[in-house]
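Novice: Handing you this structure, nothing more for now.
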Amino acid sequence: MSRRASALCTAAFVCALASPAPAGGLVGDPDRGEKLYEACTDCHSLDSNDVGPRHRGVFGRKAGSLPDYRYSEALKSADITWNEETLDKWLADPQAYIPGVRMAFHLDSPQDRADVIAYLKERAK
Numbered sequence: 010m011s012r013r014a015s016a017l018c019t020a021a022f023v024c025a026l027a028s029p030a031p032a033g034g035l036v037g038d039p040d041r042g043e044k045l046y047e048a049c050t051d052c053h054s055l056d057s058n059d060v061g062p063r064h065r066g067v068f069g070r071k072a073g074s075l076p077d078y079r080y081s082e083a084l085k086s087a088d089i090t091w092n093e094e095t096l097d098k099w100l101a102d103p104q105a106y107i108p109g110v111r112m113a114f115h116l117d118s119p120q121d122r123a124d125v126i127a128y129l130k131e132r133a134k
């Protein structure tokens with residue numbers, strides 16, 4: 010392998026390591042995530058609080074921080090900021106991730122979680 014090719018391979022590898030991986034290393038499909046999100050609407054919406062808090066702006070928000078929603082003490086005291094990794098853990102098993110929370114709904118499929126997360130990231134800004 011030439012020096013140039015070796016340098017390009019090294020640069021590509023470093024860039025791949027520096028890029029944030031989607032949830033579980035899977036690429037999410039926001040269109041499919043939108044359909045899956047319909048199951049969440051029993052308790053949540055993008056723009057208003059219901060049984061659960063609104064999801065608009067969830068990325069980058071500290072867990073339990075919306076001032077107009079009544080969170081469990083467990084979620085209010087959690088030192089978590091919502092991103093692909095934390096949402097993946099939360100959607101896999103919220104009660105195992107943060108013991109004492111009220112949410113019991115979960116998504117077993119890593120691909121389903123990646124799709125819902127992609128939907129929230131892209132369309133719930």
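Reminder that position 85 of the sequence shown reads as 94 in our numbering, one-by-one numbering, no gaps.
From the three backbone atoms N, C-alpha and C, an ideal C-beta is built for every residue, glycine too.
#1: What are the start and end residues of the alpha helix (DSSP H) that includes Ser81?
#2: Using a 10 Å radius around the Cβ and a threshold of 16 neighbouring Cβ atoms, would you call Glu136 buried or exposed?
#3: Please go through the same chain and pick out, in chain order, the residues whose beta-carbon is closer than 8 Å to the beta-carbon of Glu47, but skip the five residues on each side of it.
#4: Using alpha carbons as the reference points, say which of Trp91, Thr90 and Ala72 lies closest to Ala82.
#5: Going by Cα to Cα distance, which pick from Phe68, Gly69 and Lys85 is closest to Pro76?
#6: Among all the DSSP beta bridges, which residues are the ones paired with Lys71?
#7: Do Leu129 and Gly42 have their C-beta atoms closer together than 9 Å?
#8: Given a cut-off of 9 Å, decide if Ala101 and Ala115 are closer than it, judged by their beta-carbon atoms.
#9: Given Leu45, which residues of its chain have a CB within under 8 Å of its CB, disregarding the five upstream and five downstream residues?
Specialist: Judging by the given coordinates:
#1: Here Ser81 belongs to no alpha helix (DSSP H), and DSSP marks it neither H nor E.
#2: The shown model of the chain, from 10 to 134, leaves out residue 136, and the question about it has no answer.
#3: none
#4: The residue you asked about is not Ala; residue 82 is Glu in the sequence shown. Here the closest residue by C-alpha is Ala72.
#5: Lys85
#6: Thr90
#7: yes
#8: Looking at the sequence shown, residue 115 is not Ala but His. Contact flag set, yes.
#9: Leu116, Asp121, Asp124, Val125 and Tyr128
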